[in-house]
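**Student:** Here you go, one structure.
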Amino acid sequence: TAARDPLPRDEFAGLVASLPRKEQFLDGRLYQGFWLPEHYLPGVVAFQRRFTPRRPDDVVLVSFPKCGTTWLKALAFADVFTDGHEAMLDRLPSPRLINTHVPYPLLPEAVTGDGGCKVVYICRDPKDMVVSLHQFLRRLQPDLSFADMFDSVAVDGTAPYGPMWDHVLGYWRASLARPDRVLFLTYEDLLQDAGEHVRAMARFMGRPFSPAEEAAGAVEAAVELCSFEKMKGLEVNRRGTSGSYKSMPRDAFFRKGVAGDWVNHMSPEMAARLDEVFRDKLRGTGLTI
Ligand code: A3P
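Pasting the structure below:
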């Protein structure tokens, strides 16, 4: 196996050090309007400046953290390629599925411009996202405050890759402007009818299921293979730690896998406040999450 390439840290150290900083659960730096985790920033900048998609079949899978990344990757039969491992990315055979949390305005021009490639985006009810992120990071920081986490999503937008509303709106608007290039999904959509969305995603990626595959139950098989229970139960996900996120146990990526778990973690007042913030931010855009 090929050795992993080091992050281009030294190259971008000066840039990173010059950016506004917020110390929090994942130390953030404000880069071009978004709070990016400091640790991943060199990789994001390298991606933004250097990534060139291979047309026509590269697909960039994007999510706001804790909104269904793992599920989307599985459904797109993907693997993880983050952290600016550029040479590794170059060595991958086509078609490549590249996964990132990068906000739309920070995507490389080579992806969003005329010669670019397809992008699939997933987001989720922010209430469930906050709970999911808090539960996730608590695996490494047990005393992590839920109130701080809530404020970072609902009040000042400093959550990792936030503000969430700007992140979501970037992809929403792009999906309206270029529906052939940006597919916008929600976690709740997938829960409601994964098969329909697997079909739509396959069509969008230019690899629709054939009538023979449909008849053979390939869609249902893909959905089953990627189901929460199935993935959670896999040996590889029950043991060990994630390669892309410090020493996070892999099982932390599979917690409950439902919509609406926020009721067990948040007061009705907090929920109403979060709803109101997002209603306000998304007003007039045609999007409700
Ligand atoms: P919960 O914490 O609400 O359970 P991400 O993959 O972006 O980190 O998002 C994590 C969320 O997706 C977690 O939500 C996790 O349980 C859920 N999830 C992971 N794999 C899933 C799957 N195959 N089907 C449905 N949900 C899944």
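All residue numbers for the sequence shown refer to the UniProt record's numbering, where the first residue is 18 and numbers rise by one. Think of the CB as a built atom: it goes at the ideal place given N, C-alpha and C, for glycine as much as any other residue.
Using the rule of at least 16 other Cβ atoms within 10 Å of the residue's Cβ for burial, across every protein chain shown, is residue 116 buried or exposed?
**Tutor:** So residue 116 ends up on the buried side.
**Student:** Going by other Cβ atoms of all chains shown within 10 Å of its Cβ, with 16 needed for buried, is residue 4 buried or exposed?
**Tutor:** The question about residue 4 has no answer, for the chain in this structure spans 18 to 306.
**Student:** So, residue 121 versus residue 201, is the Cβ gap smaller than 8 Å?
**Tutor:** No, Cβ-Cβ distance for residue 121 and residue 201 is not below 8 Å.
**Student:** With a CB to CB cut of under 6 Å and the five nearest residues on each side skipped, what residues in its chain are close to residue 208?
**Tutor:** Correct list, in chain order: 276.
**Student:** Assign residue 179 to one of three DSSP states: helix, strand, or coil.
**Tutor:** Note: residue 179 maps to strand in three-state DSSP.
**Student:** Does DSSP put residue 270 in a helix, a strand or coil?
**Tutor:** In the structure shown, residue 270 sits in a helix (DSSP, three-state: H, G or I).
**Student:** With a CB to CB cut of under 7 Å and the five nearest residues on each side skipped, what residues in its chain are close to residue 187?
**Tutor:** 120, 121 and 122.
**Student:** In whole angstroms, what separates the C-alpha of residue 176 from that of residue 52?
**Tutor:** Each residue's alpha carbon lies about 7 Å from the other.
**Student:** For residue 49, which option in 216, 36 and 31 has the closest C-alpha, if you only look at C-alpha atoms?
**Tutor:** Nearest option by C-alpha distance: 36.
**Student:** On the DSSP bridge list, what partners appear for residue 52?
**Tutor:** Residue 52 is bridged to 47 and 179.
**Student:** Leaving out the 5 sequence neighbours to the left and right, which residues in its chain are closer than 8 Å to residue 192 when beta-carbon positions are compared?
**Tutor:** 138, 199, 200 and 201, listed in sequence order.
**Student:** Could I get the ranges of all uninterrupted alpha helix (DSSP H) runs contained in the segment 111-141, with 4 residues as the minimum, in chain order?
**Tutor:** Counting only runs of 4 or more, we get 126-129.
**Student:** Closest to residue 63 by C-alpha separation, out of 161, 108, 125 and 84, would be which residue?
**Tutor:** Looking at the Cα atoms, 125 is the closest of the given residues.
**Student:** Here's the rule I'm using: 16 or more other beta-carbon atoms within 10 Å means buried, otherwise exposed. How should residue 247 be labelled?
**Tutor:** Residue 247 should be labelled exposed.
**Student:** Could you tell me the boundaries of the beta strand (DSSP E) in which residue 148 lies?
**Tutor:** It is not in any beta strand (DSSP E) - residue 148 instead sits in the alpha helix (DSSP H) that spans 143-154.
**Student:** My assumption, with CB atoms under 8 Å, is that residue 43 sits in contact with residue 54. Please give the rounded CB distance.
**Tutor:** Correct: roughly 4 Å between the Cβ atoms.
**Student:** For residue 80, report the span of its beta strand (DSSP E) as first-last.
**Tutor:** Looking at the DSSP string, the run of the beta strand (DSSP E) that includes residue 80 is 76-80.
**Student:** Quick one: grab the DSSP three-state call for residue 199.
**Tutor:** Of the three classes helix, strand and coil, the one that applies to residue 199 here is strand, per DSSP.
**Student:** Along the alpha helix (DSSP H) that carries residue 61, what are the first and last residues, could you check?
**Tutor:** Here the alpha helix (DSSP H) through residue 61 covers 58-67.
**Student:** Which word fits residue 18, buried or exposed, when buried means at least 16 other C-beta atoms lie within 10 angstroms of its C-beta?
**Tutor:** In this prediction, residue 18 scores a pLDDT of 33, lower than 50, which makes its location untrustworthy; no coordinate-derived value is stated.
**Student:** What are the residues that DSSP puts in a beta bridge with residue 258?
**Tutor:** Partner(s): 266.
**Student:** Taking the straight line between their C-alpha atoms, what separation do you get for residue 141 and residue 181?
**Tutor:** So the two alpha carbons sit approximately 10 Å from each other.
**Student:** Taking 7 Å as the line, does the beta carbon of residue 82 fall inside it for any heavy atom of ligand 1?
**Tutor:** Correct: residue 82 has its Cβ closer than 7 Å to ligand 1.
**Student:** To the nearest whole angstrom, what separates the beta carbons of residue 59 and residue 94, a pair I think is in contact under 8 Å?
**Tutor:** Rounded, the Cβ-Cβ distance is 28 Å, inconsistent with contact.
**Student:** Less than 8 Å between C-beta atoms, sequence neighbours within five positions excluded: which residues of the same chain meet that for residue 243?
**Tutor:** So the qualifying residues of the chain are 88, 91, 92 and 211.
**Student:** Enumerate in chain order the residues of its own chain whose CB-to-CB distance from residue 111 is below 6 Å, with the five nearest sequence positions on each side excluded.
**Tutor:** Around residue 111: 71 and 74.
**Student:** To the nearest angstrom, report how far apart residue 221 and residue 65 are at their CA atoms.
**Tutor:** If you take the alpha carbons of residue 221 and residue 65, they lie about 24 Å apart.
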